[in-house]
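Novice: Can you keep this structure in mind? I'll have questions shortly.
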Amino acid sequence: MSKMICCRENEDESDTNRLCRKTNFCFQGLIVIFLFAWFIAGNVFVFGSWGDWDDSDKYGDYYCNPVLMYFSLITIIVMYAISALVCCCCLCCLCCLVLMAGASDEY
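Numbering-wise (the working numbering), the sequence shown opens with residue 733 and increments by one.
Shown next as structure tokens:
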């Protein structure tokens, strides 16, 4: 997404290409920080207003469309589930690597 057109892979590593890669790396870091902050803000908003929202009075202060509220809640929960699954998979891979390294040392 943030790959710039100027960052083409060439055989020679010119100063312009190095600068472009560093700039691209900085932009990617900023995007990751922004998305993480947006996710935290969404958590605060959705879980903070979960007990107070109302779908009956469209002109009330606490009105929220139920489809939007449930979609937001489900999206956040799915993101937490995916994060937990990725952490479990990484932990299992790490355990397997440690066991294989220990087994190769024995032989």
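Note that CB positions come from ideal geometry on N, CA and C, so glycine has one too.
Does the pairing of the stretch 814 to 832 with the stretch 779 to 790 give three or more beta-carbon distances under 8 angstroms?
Specialist: Counting Cβ pairs under 8 angstroms, fewer than three are found: no touch.
Novice: Using the C-alpha atoms, what's the distance from S804 back to C764?
Specialist: Counting from one through the sequence shown, the residue named residue 764 turns up at place 32. Counting from one through the sequence shown, the residue named residue 804 turns up at place 72. Checking the sequence shown, residue 764 turns out to be Val, not Cys. So the two alpha carbons sit approximately 20 angstroms from each other.
Novice: List the endpoints of the continuous alpha helix (DSSP H) containing G761.
Specialist: Looking up residue 761 in the sequence shown gives position 29. Where G761 is concerned, the enclosing alpha helix (DSSP H) stretches over D747 to G780.
Novice: Do I808 and G774 have their C-beta atoms closer together than 8 angstroms?
Specialist: Locating residue 808 in the sequence shown gives position 76, where the first residue counts as 1. Locating residue 774 in the sequence shown gives position 42, where the first residue counts as 1. A contact, by the Cβ cut-off of 8 angstroms.
Novice: Do you know how far the Cα of K790 is from the Cα of Q760?
Specialist: Within the sequence shown, residue 760 is the residue found at index 28, counting from 1. Within the sequence shown, residue 790 is the residue found at index 58, counting from 1. So the alpha carbons of these two residues sit roughly 40 angstroms apart.
Novice: To which residues does DSSP link D786 through a beta bridge?
Specialist: Start at 1 with the first residue of the sequence shown, and residue 786 comes out as number 54. Its beta-bridge partners are Y795.
Novice: State buried or exposed for C821, treating a residue as buried only when at least 16 other CB atoms are found within 10 Å of its CB.
Specialist: Within the sequence shown, the letter at position 89 stands for residue 821. Classification for C821: exposed.
Novice: Quick one: using the 10 Å Cβ neighbour count with 16 as the cut-off for buried, is V818 buried or exposed?
Specialist: Here residue 818 corresponds to residue number 86 of the sequence shown, with the count starting at 1. It counts as exposed.
Novice: Report buried or exposed for V778, applying the criterion of at least 16 other Cβ atoms within 10 angstroms of its Cβ.
Specialist: Position 46 of the sequence shown, counted from the first residue, corresponds to residue 778. Classification for V778: buried.
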